[in-house]
Structure formats: structure tokens, C-alpha cells
Amino acid sequence: MIFRKMAKNRWLQLNLWFGLTICVALFSSMPLYSHAILQRTLFKELQQLQKDQNVYPGSLRASTSVSGTRNFDEIRSLIGKADRYMYNAPQRLGLDAQSYIMSRATQSFKIFPVDASEREKKEMSVTGSIRTVSDIDKRVHLIDGRMPDANRSDGVYEALVTQKFIIDLKRDLDHEFVYTNKDTGQQLRIIPVGIVESKQDNVYDQFNVESYNTSFYIPFKQFNHDFIETQGLLKISVLSWQYSLNYEQMNIDRIDTYLGQYTAMNNYFNMRLGISSVDMPAKNPIATYTVKKDKLDIMLWSLYSPVMFMLAFYLYMAANLIIDRQKTEISVLRSRGASRLQIMLVFLVESLLLGLLALAVGPFIGVYFTKILGASSGFLEFVQRSSLDVVLNSTSYKIAGAAVIGSIILILVPAFLATRISIVGHKQQMARSNKMSFWHKTGIDIVLLGVAIYMLYGFNKRMADLKALALDPNAIQVDPLLFFMPALFSLGTGLFILRIYPWLIKLVFWIGRRWWTPALYSTLLQISRSSSQYLTIKVFLIMTVAMGLFSANAARTINGNMEDKIQYTTGSDIQLSVHWDNDKPPPAPAGMPAMVNADDAGAVQAPKVVTYTEPSFITMTELAGVDTAARVFRKDDANFSANGQNGGTSLYGIDTFEFGKVAWMRGGLLEYPINSYLNLIASNPKAVLISRSIADKMNVKPGDPISAKWAGLDSANFIVYGIIDYWPGWNPLPQSGNQDDPNVRMPNLIVGHLSYIQNHLALEPYEVWIKLKEGATSSVIYEDLEKKEIPVEELVDANQLLIRSKNDPFRLAINGVMTLGFVISMMISFFGFLLFWVLTLSGRTLQFGILRAMGISFMQIIGMLLSEQLLTSAAAILFGVLIGNAVSSQFVPLFQLSFNASDQVPPFEIVRQLSDYVQLYSVVGIMLTIGLAVLGIRVSRMKITQALKLGEE
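Numbers in my numbering are just positions in the sequence shown, counted from 1, shifted up by 83.
Given below as C-alpha cells:
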């Protein structure tokens, strides 16, 4: 019976299964994405660690000294246990060992050539130690001589040495050296037989012999036999164990294991043999990932919450429509003695079957969703990056199972409510279809709106405090409510508008009741009397459009402000500084006073003016990939004088023509375009632009004189030509405090001509700002800088900073989830729209049949449907657009809470992109067109006689 019932309503069941499957996919994708993106980020960070510090990320090294207070047997036992402990380290960490190096050394001793003269013995002070490395023949490169023979029977040790050590020994290879114990007179003889250097072939299997330039290297087995297993002439001094582990196998699920093993290793060696140290380069990067994972999980829940809300609404709407079609059947069953439990069991079995099917398919779609998230580089933007390594795990299925259970409960709510009504009650409800909806009867719309407005007020107050105190918002991060509040506000506002809308329709109907055509008369009457019938689809469309626009504007705003900040701070595509030759004296050693000329003793020392030699600027303009290069001089510790007052300032020196070509400036930051200001000062070399802070505090106006200098120089005179609020690379915000507070010290800026500053103040190093050619990459410039051996001291690349920002896991989550949410919202909106109108039309077959029988033409009925669509769906979409824009205006600025208020330059602004609106309107337009076409086809196939016969029955 259940299967027959489901087959009868197969299209409705299919829609419900679709919603369940998307719900399961969405929930299961959360742990998958969190794991996959953090895994990739960890791998990238470890790679960057190797690149920046030239350290292999999988390295693990433990070393310890050996205390001389312990007896030999105790030391031998402890070394054996330590060897076994370290041998099992990879197994405990769960990582494969790519190499394992054991190193140990004796105490240092004074050594002489066996043929040394008495004078040599007095003058030589060479000390050395006997050292060994496991598999030394694989880890060193033999420059001269041969490998040592461990089986020599005359008591002489054959050893390897470095080039520096053989020079210090002042003998060639195959010369014998001797150490004599002063107390016992015992001797230890050593013959260097080979000179070695470190091998650089294998990045993860290296031992730097040059770090131990006073060591005699002997075979590992020989060392163990003579100094560890038996008591030799020399005591053991240092032991070390070094692994190169496969860091690509590191899994964020085992971070606690890695950190726990690192701590356990430290505890194990701590004072066991002596003073110890454990070094694990990957420890610092991975230590932050537990916190990152928790924060990302919260971020994902908050990002997904509006989409989940939409899906829940869709499932409830679909279930409600299905139950509405079966209310007569349910009420009949109740009237004939079926209990509520029996009826609920039928719907429970149906829901479980759909849930199991969704659980079978959903997680695999979740894997696909995760890969989409990983490929996003912006809102509705995708790039060809390596796909995320996504593997289904138990956590995904647990969350998916919980989602199915929650969805089934949601689906069963309408069924449970329907089982309360008998056949008589059902007929009474049908006769009272124009009664007020539950939402409006209970005032939920006003409650939701009030809660959202109260929370908005609270967040705005927090943001004002943040700006006033210039606090670092890292402790706040992105509050999950920033994503859920807009959904509450949209729902509350939408329901409130729909509370008023039926009265507006009644007013329109009453005004034109004498002139409306029969089709329009019927439509207005239908909508005004049955407003609750259309409430579900109208709320659904309002939420879809409003949250779609909010997601688009929020993602665009976050991305746009992050990118604007990077580009503004850098000022151009690339900013670099090269070395200038100069006569600056070397700095005095730490703790030593600077040298003072004896003739000037007691006099106050003026800062020495350093003379610089300017390198060729033409070389910079001729670099490969350079479109334009500009010289930009910046002096942050300059001073100025105006209207009899002094102050500190940043001084910029530029070439106006070139600067205008390379500089990046967001529109609207200045009163006029930046090039207008550059043209303004171009005609007069003494002309300068000053910041608003100088103009306001010093009461300086265009045309006033101003002078500037820095330590050790005389002032140069300038004329103020313009006042500016922002300038590329300059931060006008105070480091702390509110910029509106008159007591807060504001940054100052003067922008003048570079040539005038160099001629009237001093020639000092400037930066080179570069604009790349169209399509050129930064690597082209890097290669050319290396090829021409240009001594670069500092380089800032805006493109690389933008790439790093886009690869941040939190930004990827925002872009990916909002893109996915936008697409899913449009998809379920389309299916929900079709489902509602097809079922509504099916329920009005009799009405349309009667209208056709009365002489209403087919085109008039299509006109009725069209006007009904315009007054319901189109009106809901219009309300959604208005609410979406209002939500964006009120809630998107709150994302400033996730940025540092003291360096958010340019100022935070809402970014709206026309393409998002075009895409939204296109989807909605196609949805309405297809919906109307489907309805028209169904009406055209309707048989009047069948409809009338149905009415008679």
C-alpha cells in the first residue's frame, strides 16, 4: 500500500527526495570541506616553511648531552633504551621515515701529530672529538683519500675529516695523530685517511659534516663497540637521532598525536642522560590547526545557516503541499477508525524510505560540493587549481544521518497536524480558506523583526566601540550571527509585508471594481480572499531572492575590501627597494658606545649626513614584464613647519607623470581623480599636496607656504596646492584611539616633487613602484632581477599577496559556501515554484473548467494566470529585491568586525556587482517563464466536460 501510495504521488515524492538529498549533501560537505581545506593549507604552509627557512618540514631531531656523573653501565643502558625509543618514533607518529641518522660523539680532547716537535706541541692548540654517523658512506662525499677500515687490528683509528680540519691539523692524509691521557698515560692513535664534504643530493637525507669541523669520523659499528658497548679511553659526550619523515602524510586529524608525541619526547629526554633538546620544525605550524579547525567549523555553520534555513523551508513547503493533497484521505481514514499512530506510521515509513535513498546518494553529491568549494576563488568565480583531496569519513555520515533525522521530523509535522482533523473539520477548513495564517495570528513576523533589529543595534554598538578604541578584532572573528541575523530579518520583514499586502490588493480591487475585466476581477478576488494560500510560495521567493542578494553582496564586499586593502597598501603591482652604496659607518657592537671624534669631545653631535650613490633607474624600467616604473621616495620621520607650528609627517617625493601610471587608487576616496591632483602640482616644482590632518590642525589652506626637512638638514620651502584624505601606500588612521577625538595624534602627509626634494634636501634611497604589462607575471621580473644580479633589499608583490589572501581557508569558505548557497537557493526556488503552482493548478481544475464553460477564452485564462503570477510571484520577487538590498545595507557593514579597525584603509564599503543582479533576475525570469509555460500547457490540455463531471462527483 505504501509503495502504491508513493507511486501515485511520484512527482511530489521526487521533489521531496530532491530536497532531502540536497540537505544531506550540504550537511555532509561541511566536515569534508573543513578537513580537506585545512589539510591543503597545512601542506602549503609546510612547503612555504621549507622555502622560507630552508628547513625540511618533516625533520625530527632529538639530541642530548651525556652527564659525566653517571657510571658507564648506567649510561650504556640508558643509550640502549633511547635507541629503541627513537627507533619506534615514526610508528608512534604514524609517518613513514625517509631517512634516519644517528650521530654520537666523544668528549673533546687535545691532539698532536705523532711526529710533532716540542715547539709544535707548545704552539698547537687543536682539539677534536671522535664522531660517528650511521651509514656515513651514504651521507658524505669523498673529496680525497679513501673510506676508513673498521677492521684494523693495530689499535689505530682510521678517520674521515673535513678540509678545514685537515688544514688546522697542519698535516696531510695518512699522518698519525695521538692523544695521551694525562692521568693514565694511555694513548689513542688516529690516522685521517679521507677528506669529506656534505652531500646535497637528497633534501631530506642530509648530515652537515661542516657543522662539526673538529671531528674525526669513524664507522658507526666501530664507534658503538669501542665507546658504548665497552668502556673506552674517551667518554661519550653527545648523542643525536635525526629523522626525515614524510610530511605529506601529516593529517590534521592526528595533530594532537603529533603534538603529544613531541611533548612526550621532550619529557623522555629531559635530564635522562643530560641536557637535551627536541626539534620539530613542523610543530609551530601544526600547533595552530586545532584552533583553526574549531574556528572554521563555526564559520561553516554560520555560512551554511541561511542555506539550511532555505532547505528546511523547502522541505516543509513540499511536505505541506503533499499532505494538503491527502488531507481528505487522512480525514476519511480517521473517520473510519484509523488511529493517529497508524496514519503517522505510514508517513514515517515513506519518510524513512526517502531518507535512506537520500543518505545513499547525498554524501557523494557532498563530495562534489566540496570540490566546487575548493575551486572557488571568488563569488561565482572558479579557477583551475588542484582539486581538494576529499575522502568520505564516518563524521560525514554521522552528520548526514542527523540531517536526515531532523528532516524527517520536519516533514512529519504537517502530517501530525493533519491527523487531528476529522472529515467534518476538513470540510469546514476548506470553506474557511481565507482565515489568517498561523504566522500572522501569533505575530511571529513582528517578533522576528524585533529580535533582528535588537541584534543589529547590538552589533552596531560593538562596531562603534571597536572603531573608537581601534581594537584588534581577532578575538571576535566572524560572529555566526552575522550570517543568521539577515535570514531572521528577511523572514520577519517578508512576513510583515505580506501581512499588509492582501489589504493593498483589496484596496486595488475596490477602487477598480467597476472597470476590471472578468479575468482580472476573478484574479484580484482570488488573491485577496485566499491570501494564506499563497503565503508559503511568496515567503519562499522573498527569502530566496533576499538571501541570494545578501550572499552575493557579502561575498563581493569581503573580497573587494580585502583586495583593495592589499592594493592600496602596496600602491602598485610591485614595490621594491635596491641597495644604494653609501658611506654610512658600521653599527657599533651591542653594548659598546658609538665612536666619537676626540676633537669634538663634549660637543653635541649632529647626525651625520650619509652620502648615497644612486643606482641606475633605467635598469629598472628595462626589466622584463615592466610596463611602467616610477621612483617613489618616502621619509616617515620628516618634520614640517606651517603658520608658526611644527609637527612630524611622512614626506613623499614622486615624479607626477610616472606615478600616475603605476599608482593604484580606488575611486571615490579623493574629492577629484588622483590624476587631477598630479596635474595640479605638475607645473610648479615647489607645489605639494598635504593631508587633511595638517590642514585642519595647522589651519593651512591652498596657497599657504609650508617647509619640510628631516634630521641633519635645513628646511626646504614648498607651496600648498591641494588637500587630500588618502594617498597610495599611506595610512591616514591613527594607531590607537578615535580619529574624531581632537586629542588623538593623526598621521600627516606631504606629497611633493622628487627632483625638488633631492635638490633642496638630500639624495636618499627611494622605492621603485612597478606596473606590470598586460598578461605579465611576477616570476618574469624575479628571473630578470636574478639574471641581472640587481641587489634587491625589499620586495612587496601585490599579486602574490592577493593569491595568498585568496587561498586563506576562511576566505575560501566564505566564497565557496556563499557561491554554493546562491546556486542551491536558485535551484530549490525553481523546483519549489513549479511544485507549488502545478499543485495549485491541479486543485483549481473545476474552477477553470467552469470559467471555460461560461465562455472565458483560453487566452483570457492565460491572462488570469499571468496577472496572478505578477501579483504573487513577481510581487514576492520585487519584495525580495527590496529586502535583499535593505539587508545588505544594514548587515554587510557589520563584517568590519572581522577586520582590524586601525588599518582598514581604504574605508570599508559595500560592493555590489551588476552581474550578480543580472544572474539573479535571469534565473527568476526563466523560472517564471517556464512556470507560466507549464501552467499554460496544463490548462490547454484540460477537458471542460471532465472538469465539470469532476465537480458533480
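For every residue, glycine included, the Cβ atom is placed at its ideal position computed from N, Cα and C.
All of these numbers come straight from a predicted model, not from anything done at the bench.
Closest by C-alpha distance to residue i, when choosing among the options
i, options, result
"R423", "R408, G932, F499, Y372", "F499"
"N137", "P364, M630, W920", "P364"
"D528", "Y651, A441, L618, M748", "L618"
"S699", "L356, R144, I873, K667", "I873"
"G343", "M354, V361, E331", "V361"
"V1006", "G967, Q973, V988, F905", "F905"
"V879", "L632, I853, Y139, M910", "I853"
"I405", "L954, L922, T297, F740", "L922"
"T245", "I1009, K282, G489, S236", "K282"
"L837", "G357, E741, T502", "E741"
"Q841", "I864, V975, E697", "E697"
"A638", "K889, T502, L846", "K889"
"D779", "E847, L796, I806, V530", "I806"
"L439", "Q952, I897, I491, I301", "I491"
"M393", "S294, R887, I620", "I620"
Sub-8 Å separation of residue i and residue j beta-carbons
i, j, result
"Y240", "I194", "no"
"S790", "S733", "no"
"E259", "V216", "no"
"A279", "I213", "With the sequence shown as reference, residue 279 is identified as Val, and Ala is not the correct amino acid for it. Cβ distance not < 8 Å, so V279 and I213 don't count as in contact."
"I588", "L574", "no"
"P815", "S759", "no"
"S605", "M947", "yes"
"F310", "T147", "no"
"S956", "L1011", "yes"
"S861", "N882", "yes"
"K792", "A721", "yes"
"H662", "E876", "yes"
"L603", "S950", "yes"
"K304", "A233", "yes"
"S298", "G211", "yes"
"L178", "K376", "no"
"I966", "A535", "no"
"L846", "Y695", "yes"
"Y40", "G1014", "Outside the displayed range of the chain (84 to 1036) lies residue 40, so it cannot be described from this structure."
Between the CA atoms of residue j and residue i - distance to the nearest angstrom
i, j, result
"G685", "S660", "Because G685 sits at a pLDDT of 44, beneath the cut-off of 50, its placement in the model cannot be relied upon, and the point is left open."
"G533", "T525", "14 Å"
"E157", "D218", "27 Å"
"Y480", "L431", "21 Å"
"L571", "F542", "15 Å"
"A401", "F919", "8 Å"
"I485", "Y116", "Rather than Ile, the amino acid found at residue 485 in this sequence is Ala. So the two alpha carbons sit approximately 18 Å from each other."
"F913", "G736", "58 Å"
"G858", "N762", "29 Å"
"F716", "G786", "24 Å"
"P497", "I580", "25 Å"
"N171", "A347", "13 Å"
"G963", "G577", "8 Å"
"M910", "I657", "42 Å"
"T902", "G643", "15 Å"
"L493", "W384", "19 Å"
"P585", "I610", "7 Å"
"V487", "C106", "8 Å"
"Y893", "M829", "The sequence given here places Phe at residue 893; Tyr does not occur at that position. When rounded, the distance between both Cα atoms is 33 Å."
"S191", "L316", "12 Å"
CB-CB length for residue i against residue j, believed under 8 Å
i, j, result
"V622", "L855", "Not confirmed; about 50 Å, so no contact."
"L125", "I335", "6 Å"
"L832", "S774", "4 Å"
"Y1056", "M113", "For residue 1056 there is no data in the structure shown, the boundaries of the chain being 84 and 1036."
"S655", "A746", "6 Å"
Check whether the region 361 to 377 and the region 126 to 145 touch, using three or more Cβ-Cβ pairs below 8 Å as the test. yes
Stretch pair the region 760 to 774 + the region 797 to 806: three plus CB contacts closer than 8 Å: The region 760 to 774 vs the region 797 to 806: in contact.
Pair every Cβ in the region 165 to 185 with every Cβ in the region 263 to 279, then say whether three or more of these pairs are closer than 8 Å. no
Report yes or no: do the region 95 to 115 and the region 326 to 335 share at least 3 C-beta pairs separated by less than 8 Å? no
Would you call the region 967 to 979 in contact with the region 987 to 1001, where contact means no fewer than 3 C-beta pairs closer than 8 Å? These segments touch.
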